[in-house]
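**Student:** So the sequence shown is numbered by this note's numbering: it starts at -17 and just counts up by one. Idealized CB from N, CA, C, for every residue including glycine. So that we are looking at the same thing, I have put the structure below in C-alpha cells.
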Amino acid sequence: MDKILVHGGYPLSGSIKISGSKNSALPIIAATLLTPDPCVLRRVPDLSDTNYMLQILMHLGAEVERASGTVTVKAEKVNSVAPYEVVRKMRASVCVLGPLLGRCKEATVSLPGGCVIGDRPIDLHLKGFEALGAAVRVENGNVKVFAPKLTGAVVNLQGKFGPTVLGTDNVMMAAVLAEGVTVIEGAATEPEVCDLADFLNKMGAKIEGAGTRRIIIEGVKELHGAEHDIIPDRIETGTFLVAGAICGRGITLHRVRPEHVISVTTALAQSGFNVATTANSISVSPNGAHTKPLELTTQPYPGFPTDMQAQMCALLATTEGTSVITEKVFPQRYMHVAELKRMGAQVEIEGATAVIQGVERLYGAPVMASDLRASAALVLAGLKADGVTEIRRVYHIDRGYEHLDEKLSELGAHIERVKE
Ligand code: UD1
-17 MDKILVHGGY PLSGSIKISG SKNSALPIIA ATLLTPDPCV LRRVPDLSDT NYMLQILMHL
43 GAEVERASGT VTVKAEKVNS VAPYEVVRKM RASVCVLGPL LGRCKEATVS LPGGCVIGDR
103 PIDLHLKGFE ALGAAVRVEN GNVKVFAPKL TGAVVNLQGK FGPTVLGTDN VMMAAVLAEG
163 VTVIEGAATE PEVCDLADFL NKMGAKIEGA GTRRIIIEGV KELHGAEHDI IPDRIETGTF
223 LVAGAICGRG ITLHRVRPEH VISVTTALAQ SGFNVATTAN SISVSPNGAH TKPLELTTQP
283 YPGFPTDMQA QMCALLATTE GTSVITEKVF PQRYMHVAEL KRMGAQVEIE GATAVIQGVE
343 RLYGAPVMAS DLRASAALVL AGLKADGVTE IRRVYHIDRG YEHLDEKLSE LGAHIERVKE
C-alpha cells in the first residue's frame, strides 16, 4: 500500500490544469447504459472511482474502451444485476439503479460501501422509483426495483438534509424512458446534475430545468449514442485554491469553471486572499495583510460545498482568530479533525459545528486518511506544517484526485509517494 510524505513549508507557485469532474463522470458513465449505441466521453478523470464504475458497466455487459481521458462505452446488451463484489467499493455505484430500471425495467444492485461520512441512506432514490411505478424490495443486502412499465409522475426529493444529488440523477435517468412527464420537485441544483442532464439531452432525452429546484422530464421511447466533455472538477478546483491560499506565492488554475466555485472564492477573498478570475482560470495569492477567520456553513449548491469543508478546516487551522464551520449536509463529517489535532490544530466539535482556534504553526505527524476529502485536508495541512507529514491509506485520495501529488509537485510542493 502507498503512503504520501509531505515535506512542509515549501511555497507553491505556477499553474496547473484541473481535471474532469469525478462526480459528473460517475453518473454520466452510468447513463451510457440507457442506450445500445456507443457513447464517447472525454475528460473522464483517471481515478479509482471512475475505474470501478467502468468495471461495474463491464460486469453488466457493456464494452468499454479507454484511451487516456476518452472513454467509449457500448452497452448493446445489458444484464440488470450488480452484485456486492462489484459495487462494494464505491457508494456512487448506486447510480446504476436508475439507468438499469429505465432500460431493463428492473435492477438488482447490492447496497454499496464507499465514503465513511455518516449514515448515507438511499430512501429518496427509492421514493422516486416508486413514484414512477416501480416496486422496491430491500433484501439480503440488495435493492431490487422492477416495474412492468414506468409512468411519469410528480415526486419531491427534498430530504431532511436538503436535496439529494445522486437521488436526483437516479430518478432523472429512470424517468427519461418512462411514459409521460415526470416532475422532480426539490431537485438538487449541483453543476454535476446539469452536466448529466446535458448528456442525456444529447442522447435524445427531453429534460428541462436542470440547475433549478424543479426538473421536468418528458419521457421518450429510446435514446441514442452521444459524445460529451465532462465539466471541470469544482472540488479539485477548490482544493487547489486552498493549497494556493495555505502556502502559495501565487498559483493559477486553468481549465476551470469559476462560476461553479463562487462560494469558495468568496470565502477565500473574505479571509483576505487575492482571487482573480477569467472565463476559465482562477488565480489565488496572498495580499500581504493578515488573513481573517471565517464563519462557514456547508449547504447544497450554490452554498459552500460539504466536499470542501475538510480542506477549509486545514486552512483555518492556521488562520489567526476563531473560525466556525457548521456542517449542514453530513453533520458527522469531521473525521479529519482528530488527525488535524495530531498535527497541532486546535479544533473542538460541538454537534455539527467545528470551532477552530487558529494556531501559528502545525507540525508534521503520521496521520491516517479516513475518507476522500479528509485525506486532501491532511495533504493541505502537511504543505503548511513544519517537518514531514506521513499520510497512510492514500487509496482514499486516489479515489477522487487525478495525480494530486504530481500536480502539487508541479507547483513546487515537496511531496512523495512511497510503498509502506
Ligand atoms: C453527492 C456527491 C458527494 C457530496 C454530496 C453532497 C457524488 C458521487 N457524490 O453524494 O461527493 O458530498 O453529493 O453534495 O456525486 N440523503 C437522504 N436520503 C437519500 C439520499 C441522501 O437522507 O436517499 C441525505 C444524505 O444523508 C445527506 C444529504 O441527503 O445528508 C445529501 O446527500 P446526497 O446529495 O444524496 O449525497 P450523494 O448524492 O450521495
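Would LYS366 pass as a contact of ILE228 if the rule is Cβ separation under 7 Å?
**Tutor:** Numbered from its first residue, the sequence shown carries residue 366 at position 384. Numbered from its first residue, the sequence shown carries residue 228 at position 246. Their beta carbons are under 7 Å apart, which means LYS366 touches ILE228 by this criterion.
**Student:** Can you tell which of THR54, PRO9, GLN140, LYS142 has its C-alpha closest to the C-alpha of PRO81?
**Tutor:** Taking the sequence shown and counting its residues from 1, the one referred to as residue 81 is at position 99. Among THR54, PRO9, GLN140, LYS142, the Cα nearest to that of PRO81 is on PRO9.
**Student:** Beta-carbon within less than 8 Å of ILE244's beta-carbon, same chain only, minus the 5 sequence neighbours each way: which residues are those?
**Tutor:** Within the sequence shown, numbered from 1, the residue matching residue 244 stands at position 262. Excluding sequence neighbours, ILE244 sits near PRO284.
**Student:** Is it buried or exposed, GLN314, if we count other Cβ atoms within 10 angstroms and call 16 or more buried?
**Tutor:** Locating residue 314 in the sequence shown gives position 332, where the first residue counts as 1. Under this definition GLN314 is an exposed residue.
**Student:** In terms of residues, what are the limits of the alpha helix (DSSP H) holding ASN152?
**Tutor:** Mapped onto the sequence shown, residue 152 falls at position 170. Unbroken alpha helix (DSSP H) run through ASN152: 147 to 157.
**Student:** Would you say ILE104 touches the ligand UD1, meaning its beta carbon is less than 6 Å from a heavy atom?
**Tutor:** The residue you call residue 104 lines up with position 122 of the sequence shown. Under cutoff, so the answer is yes.
**Student:** Thinking C-beta only, is ASP380 closer than 7 Å to SER75?
**Tutor:** For the purposes of this step, residue 75 is taken as the residue at position 93 of the sequence shown. For the purposes of this step, residue 380 is taken as the residue at position 398 of the sequence shown. No, they are not a contact pair.
**Student:** In the DSSP assignment, find the beta strand (DSSP E) that holds PHE312 and state where it starts and stops.
**Tutor:** Residue numbering aside, residue 312 sits at position 330 when the sequence shown is read from its first letter. No beta strand (DSSP E) contains PHE312, which DSSP labels as neither H nor E.
**Student:** Between VAL175, LEU276, TYR383, which lies nearest to THR308 when the distance is taken from Cα to Cα?
**Tutor:** Against the sequence shown, residue 308 aligns to sequence position 326. Selected option, being the one with the closest Cα: LEU276.
**Student:** Out of curiosity, what's the CA-to-CA distance linking ALA356 and ALA296?
**Tutor:** One-based indexing of the sequence shown puts residue 356 at position 374. One-based indexing of the sequence shown puts residue 296 at position 314. Cα to Cα, the separation comes out at about 9 Å.
**Student:** Quick one, which of HIS210, VAL163, PHE312 has its alpha-carbon nearest CYS176's?
**Tutor:** Here residue 176 refers to the residue found at position 194 of the sequence shown. For the residues HIS210, VAL163, PHE312, the minimum Cα distance to CYS176 belongs to HIS210.
**Student:** Closer than 7 Å by C-beta to LYS389: which residues in its own chain qualify, once you throw out the five before and the five after it? Chain order, please.
**Tutor:** Residue numbering aside, residue 389 sits at position 407 when the sequence shown is read from its first letter. For LYS389, where only same-chain residues beyond five positions count, the Cβ hits under 7 Å are ILE(-2).
**Student:** Please look up how many angstroms separate the CB atoms of LEU83 and ALA116, rounded, as I've assumed it's under 8 Å.
**Tutor:** Along the sequence shown, read from residue 1 onward, the residue named residue 83 stands at position 101. Along the sequence shown, read from residue 1 onward, the residue named residue 116 stands at position 134. Between ALA116 and LEU83 the Cβ distance is about 6 Å, and since that is below 8 Å, they are a contact.
**Student:** Decide if THR288 is buried, meaning its Cβ has at least 16 other Cβ atoms within 10 Å, or exposed.
**Tutor:** Indexing the sequence shown from 1 puts residue 288 at position 306. When all chains shown are included, THR288 counts as buried.
**Student:** Tell me the rounded alpha-carbon separation between ALA336 and GLY220.
**Tutor:** Locating residue 336 in the sequence shown gives position 354, where the first residue counts as 1. Locating residue 220 in the sequence shown gives position 238, where the first residue counts as 1. ALA336 and GLY220: Cα-Cα distance of roughly 20 Å.
**Student:** Measure the Cβ-Cβ separation of THR90 and LYS59 and say whether it is below 7 Å.
**Tutor:** Within the sequence shown, the letter at position 108 stands for residue 90. Within the sequence shown, the letter at position 77 stands for residue 59. Not in contact: THR90 and LYS59 (Cβ atoms no closer than 7 Å).
**Student:** At a cut-off of 6 Å, is THR164 close to the ligand UD1 when judged by its beta-carbon and the heavy atoms of the ligand?
**Tutor:** Taking the first residue of the sequence shown as 1, we reach residue 164 at position 182. THR164: no, Cβ never under 6 Å from the ligand UD1.
**Student:** Can you tell me whether ASP151 is buried or exposed? The criterion is at least 16 other CB atoms within 10 Å of its CB, across all chains shown.
**Tutor:** Against the sequence shown, residue 151 aligns to sequence position 169. Answer is buried; the Cβ neighbour count reaches 16.
**Student:** With 16 as the cutoff for other CB atoms within 10 Å, does ASP215 come out buried or exposed?
**Tutor:** To locate residue 215, count along the sequence shown from 1; it is residue 233. With 16 or more other Cβ atoms within 10 Å, it is buried.
**Student:** Taking the C-alpha atoms as reference points, what is the distance between LEU235 and ALA258?
**Tutor:** As a working mapping, residue 235 is identified with position 253 in the sequence shown. As a working mapping, residue 258 is identified with position 276 in the sequence shown. LEU235 and ALA258: Cα-Cα distance of roughly 11 Å.
**Student:** Quick one: grab the DSSP three-state call for TYR345.
**Tutor:** Sequence index remark: in the sequence shown, residue 345 carries index 363 (1-based). In the structure shown, TYR345 sits in a strand (DSSP, three-state: E or B).
**Student:** At a cut-off of 6 Å, would you count ALA74 as near the ligand UD1, judging by its Cβ distance to the nearest heavy atom?
**Tutor:** Along the sequence shown, one-based indexing puts residue 74 at 92. At least one heavy atom of the ligand UD1 is nearer than 6 Å to the Cβ of ALA74, so yes.
**Student:** Mind checking which residues open and close the alpha helix (DSSP H) that includes PHE286?
**Tutor:** For the purposes of this step, residue 286 is taken as residue 304 along the sequence shown, with counting starting at 1. From DSSP, PHE286 is part of no alpha helix (DSSP H); its letter is neither H nor E.
**Student:** Please classify THR14 as buried or exposed, where buried requires at least 16 neighbouring CB atoms within 10 angstroms.
**Tutor:** As a position in the sequence shown, residue 14 is number 32, starting the count at 1. Classification of THR14: buried, given that the 10 Å Cβ count is 16 or more.
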